[in-house]
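Residue numbers (my numbering): 18 to 396.
Beta carbons are placed, not taken as given, at the ideal position from N, Cα and C, and that holds for glycine.
If you're wondering where the values come from, they're calculated on a predicted model, not measured in any experiment.
Notes for the one structure printed next.
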Amino acid sequence: MSTLHLPITIPPKARLAPAVVMAVSPAKSESNCPKENCMIHVPKVDKVELNDLMGRLSLSDISNNKDRSAAGSVVTIPRALSGPFSGKPKVRFHFVRHAQAIHNIHTIVDSTSLRDTNLTPHGKEQSRALSTSFPHASKIKYVLCSPLRRTINTALIGFPSVYARGVKCILYEDLREFGQAQCNTGSTLLKLRENFKEINTGVVNTELIYGGWEWLHEYGSNAKRERIVKVKKALKEFESVVVNGGTWKGMVFMPHYGEDNVEVVVVSHGGLLCQLMGYPKQNWANAEWRTFKFPSASKIADGHLPLNLIQTKASLAKVHTPIPETGPRFHMVVDDTTYERLKEIHQFAEHVEMMKRKAREGEARAFGEYMKSVGADES
Numbered sequence: 018m019s020t021l022h023l024p025i026t027i028p029p030k031a032r033l034a035p036a037v038v039m040a041v042s043p044a045k046s047e048s049n050c051p052k053e054n055c056m057i058h059v060p061k062v063d064k065v066e067l068n069d070l071m072g073r074l075s076l077s078d079i080s081n082n083k084d085r086s087a088a089g090s091v092v093t094i095p096r097a098l099s100g101p102f103s104g105k106p107k108v109r110f111h112f113v114r115h116a117q118a119i120h121n122i123h124t125i126v127d128s129t130s131l132r133d134t135n136l137t138p139h140g141k142e143q144s145r146a147l148s149t150s151f152p153h154a155s156k157i158k159y160v161l162c163s164p165l166r167r168t169i170n171t172a173l174i175g176f177p178s179v180y181a182r183g184v185k186c187i188l189y190e191d192l193r194e195f196g197q198a199q200c201n202t203g204s205t206l207l208k209l210r211e212n213f214k215e216i217n218t219g220v221v222n223t224e225l226i227y228g229g230w231e232w233l234h235e236y237g238s239n240a241k242r243e244r245i246v247k248v249k250k251a252l253k254e255f256e257s258v259v260v261n262g263g264t265w266k267g268m269v270f271m272p273h274y275g276e277d278n279v280e281v282v283v284v285s286h287g288g289l290l291c292q293l294m295g296y297p298k299q300n301w302a303n304a305e306w307r308t309f310k311f312p313s314a315s316k317i318a319d320g321h322l323p324l325n326l327i328q329t330k331a332s333l334a335k336v337h338t339p340i341p342e343t344g345p346r347f348h349m350v351v352d353d354t355t356y357e358r359l360k361e362i363h364q365f366a367e368h369v370e371m372m373k374r375k376a377r378e379g380e381a382r383a384f385g386e387y388m389k390s391v392g393a394d395e396s
């Protein structure tokens, strides 16, 4: 029986892609040994540093996705590493005061008695000017905003390109203005949804807003100071979360990958912003923005308080130039006879009475505790 021999065809060996050559600049030796190839005094490579760099190399540089017909790619690794490779990105907060609102026009009688005042036509123009003059819009990753209508409109009109990239405008109640005036009383969440379609489309995030938020329950200067500390702590926590990832007030944030700074817009009010920065008086113009950051570890070591925001040098050098008002100045007459207006007045009066009652109860409790302490001292 004969054996049938079939020819076997062996394909030619595929051409191997040339390896990526990584030229590492020479390490420094602590000793100059004259002996060639001395294994005792050979320069040591910092493994932690090298591993950090290897982890940051683009995968496309070491894959076969590229055409390797030419000579092998060369990646030069400078030594020593410095800057963004070894440090974390910085977080910068761009604080913006809302544009001109109705209650900012003092020639309108009882303008502060209007609930949750909105922007004037000039205020909308100021916001539109902000959208073209603000130089950091392409880098903004987060927007925090007071839930009052004048701040929401300033944020929406002022930063349209930011939301076009998918960034959300997060409403945060503690950024609201101080004071019990009607203009600082918010709108119900239902009313906000009616006023802003951006809430329904998801551009404006209302996760942190709850029913009844609209009524301000602060009374006295101590309550203001407590909120300022609360906001500073919240922003400091936000700074950590947007860099490292985690949760902030129940909201989940992914870690920040990359070496660029994290830019955050915070839209709020003149009174709160000036107290937040420790200014002795209100000196923040409508639609004006200033940039701050929390002190670094080295500045804290030099005596800076960890929660005290520091204005950047570039922001200090910037001069705010308000845009001129065109056309006739906005004016209106407050009509207290409409059903909606009468309802607002009645609700606000009830709220004020409740706040006075709570204040009296608080004073009574404080007086009672004081008398108890006096009695304890005498006994």
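Residue interval of the beta strand (DSSP E) (run including V113): Counting along the chain, the beta strand (DSSP E) containing V113 begins and ends at 108-114.
Taking C-beta to C-beta, are V165 and H286 nearer than 9 Å? The question names Val, but residue 165 in the sequence shown is Leu. Contact: yes.
Using only the heavy atoms of the ligand ZN, determine whether one of them is closer than 8 Å to the beta carbon of Q197. You won't find the ligand ZN in this model; it holds no ligand whatsoever.
Supposed close pair Y236, K375 - CB separation, criterion 8 Å: So it is a contact: roughly 7 Å between Cβ atoms.
Separation of H115 from T218, as counted between CA atoms: In a straight line, the C-alpha of T218 is about 23 Å away from that of H115.
If you draw a straight line from the alpha carbon of Y189 to that of S163, how long is it in whole angstroms? Rounded to the nearest angstrom, the two C-alpha atoms are 5 Å apart.
Take the Cβ of E231 as the centre, count every other Cβ of all protein chains shown within 10 Å, and call the residue buried at 16 or more, exposed below. Burial call: buried.
Short of 7 Å in beta carbon distance, which residues of its chain neighbour K11, apart from the five on each side in sequence? Order them along the chain. Missing from the structure shown is residue 11; the chain here goes from 18 to 396 and no further.
When the Cα of F311 is compared with those of F213, L359, L293, A304, which residue comes out closest? Each of F213, L359, L293, A304 was checked against the Cα of F311, and the nearest Cα belongs to L293.
Give me the Cα-Cα distance between A302 and I340, rounded to the nearest whole angstrom. Each residue's Cα considered, the two are about 11 Å apart.
On the criterion of 16 or more Cβ atoms from any shown chain inside 10 Å, does D133 qualify as buried, or is it exposed? Burial check for D133: the Cβ neighbour count within 10 Å reaches 16 or more, so the residue is buried.
Straight-line Cα distance separating G275 from S238: Roughly 42 Å separates the two Cα atoms.
Rounded C-beta distance between V279 and P106? I'm assuming under 8 Å. 6 Å between Cβ atoms; contact.
Closer than 8 Å by C-beta to P272: which residues in its own chain qualify, once you throw out the five before and the five after it? Chain order, please. The answer, listed in chain order, is V260, N261, G262.
Going by DSSP, name the residue or residues bridged to Y405. The question about residue 405 has no answer, for the chain in this structure spans 18 to 396.
Is it buried or exposed, Q117, if we count other Cβ atoms within 10 angstroms and call 16 or more buried? Around the beta carbon of Q117, 16 or more other beta carbons lie within 10 angstroms, which makes this residue buried.
What first and last residue would you give for the alpha helix (DSSP H) that runs through L252? That run of the alpha helix (DSSP H) goes 238-261.
Tell me which same chain residues have a C-beta within less than 7 Å of the C-beta of R307, skipping the five on either side of it? Hits under 7 Å: F112, Q328, S332.
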